[in-house]
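Step one of this worksheet: look at the structure below.
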Amino acid sequence: MKFTSTLVFAVLALGVSAIPLEKRAVNPALVPQFGVKAGVNPTGTGDCDGINKIKIPCSCPPSRDSFIKSLSANVAAGHDIHNPGIAAPFPTDNSKASQITRLQTSISSLQNLFGPGKGCPAASTTFSAQLKKLTG
């Protein structure tokens, strides 16, 4: 009887451990809007106007779909894929603290889009202004 109980327990434990964990995708409705369009007022040297006419790469911000895909990968990994020292929490409730955390994670994901510090500057979105509005 002990052998049978142990065998059944072992089979059940193995079955549960074999179930893959589902990667957590980011709900697009919770991702803040950029508030800026790419390619505004190009100078011919690769830079365009961002917030308050601050020059940004004309490719910034990226398409919303590609940003959400990158952000989702970071959140699923628990850190920025291209800069692992930066955590990527993305809480789903609508508390003020969660909104702040989502904006902070969005900013770091944007700034590390293609590698450590190789992405789009915060000035290519209204994320900083949205964050300031929440934090006072």
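Numbering (mature numbering (1 follows the signal peptide of the UniProt record, and there is no 0)), first residue to last: -18 to -1, 1 to 118. We put the CB at the ideal spot given by N, CA and C, even for glycine.
- DSSP places Ala69 inside the beta strand (DSSP E), whose first and last residues are 65 to 69.
- One Cα belongs to Pro10, the other to Lys51, and the distance between them is close to 10 Å.
- When the five nearest sequence neighbours on each side are left out, the beta carbons in the same chain lying within less than 6 Å of the beta carbon of Ile82 are those of Leu116, in order along the chain.
- As a beta-bridge residue in DSSP terms, Cys30 pairs with Ile38.
- By the criterion of a C-beta distance shorter than 6 Å, Asn56 is surrounded in its chain by Asp62, Ile63, Ala70, Ser91, once the five residues flanking it on both sides are discounted.
- Cα atoms of Cys30 and Ala58: separation of roughly 32 Å, rounded to the nearest angstrom.
- Secondary-structure assignment with DSSP links Asp62 through a beta bridge to Asn65.
- Residue state for Asp47 is assigned as helix, using DSSP reduced to three classes.
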